[in-house]
Amino acid sequence: MTRTLAADHPLRTRALKLLQLARRGVGGERSNAARLLLTHLQTHDLTLYDIDPGLPVTQDLSVLASIREAQLYLAKLGTDEQDEALGHLVDDPSLTAAEIARVVEVLDLTLLAQTRAATWAHLDGADEQAYLGAAAQVTPAALSDFGGSIAARTHEAVRQALWLATHPQRLLRVQGELEQLLVSGLLAGLGARRIQTTPEGVQAHLSGEQLALVRSMMVHDLEPLKRQLLEAGKVLAEQHARRRVPQ
């Protein structure tokens, strides 16, 4: 038999306090809270479900050992206590992929990112306004690229959105495998990311400064590098051939 207690009902309020102590308390405090909680449930004919819908319909407190705290908050999604539950769930690193999906369905990711933009910008030594702008670009799909809690994933997604905004994909038109190889090396040396050869040349995500540098090197250094590479290739081929000559 279950009962519906209002969120602020005195019986529920006391039971929740005892439940928290029974789960998080230390030593004697924990065991004493568990004893008082059991007495409270029995006296008022309540079950664990009556004080938290994420718990089973029972007075057996031993079930608490097998229930993660996240499960209790997940059970509050779609209820009047959803906002409070979300406040806990976004920082929980133990959520499974399925649980993250459930939370993200009802979570305003943009609001979360905007709320924490100042803290994240301070931690990263970045501009807060830039982070606020990048926050609007975060999508639920972007979270799957990262690990950790929802908040940690969102932080990484904001950082990536800002990086992509300042390092757009550029195409450097070069012909032939040799030039593509050399330009790819130049880009790697400049710290470019997502370097990829295409039929048209080499593409990568670059800042404006990196783009200017690589273009300058392509004009002034590419031909000398080609000559050095060809000469080194000639020496390598000669050494290889000599090793194959029968003694």
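The end of the sequence shown is residue 247 by my numbering, with every number in the run present.
Yeah, the Cβ is synthetic: ideal placement off N, Cα and C, and Gly gets one too.
Predicted, not measured: the structure shown is a model, and the values here were computed from it.
With respect to the 8 Å criterion, THR110 and ALA135 are classified as neighbours on the basis of their beta carbons. Here GLN137 has ALA161 as same chain residues with Cβ atoms under 7 Å from its own Cβ, once five neighbours each way along the sequence are excluded.
Sixteen is the threshold: when 16 or more other Cβ atoms of the shown chains lie within 10 Å of the Cβ of ARG170, as they do, the residue is buried.
With respect to the 8 Å criterion, ALA34 and ALA22 are classified as neighbours on the basis of their beta carbons. Counting every other CB atom within 10 Å of its CB across the protein chains shown gives LYS76 a total of 16 or more, marking it as buried. Annotation: the continuous beta strand (DSSP E) that includes HIS205 extends over 201-205. In the three-state DSSP reduction, THR58 falls in the coil class, being neither helix nor strand. Here PRO93 has GLY148, SER149 and ALA152 as same chain residues with Cβ atoms under 8 Å from its own Cβ, once five neighbours each way along the sequence are excluded. Rounded to the nearest angstrom, the gap between the Cα atoms of ILE67 and GLY54 is 9 Å. The beta-bridge partner set that DSSP reports for GLN169 consists of HIS205. A straight-line Cα-Cα distance of about 10 Å links HIS240 and GLY233.
In the displayed model, THR39 falls within a helix according to three-state DSSP. Here GLN247 carries a coil assignment [DSSP, helix/strand/coil]. The DSSP-derived three-state label of GLN114 is helix. Between SER184 and ILE195, the C-beta spacing is below 8 Å. The beta carbons of LEU182 and LEU236 sit no closer together than 8 Å.
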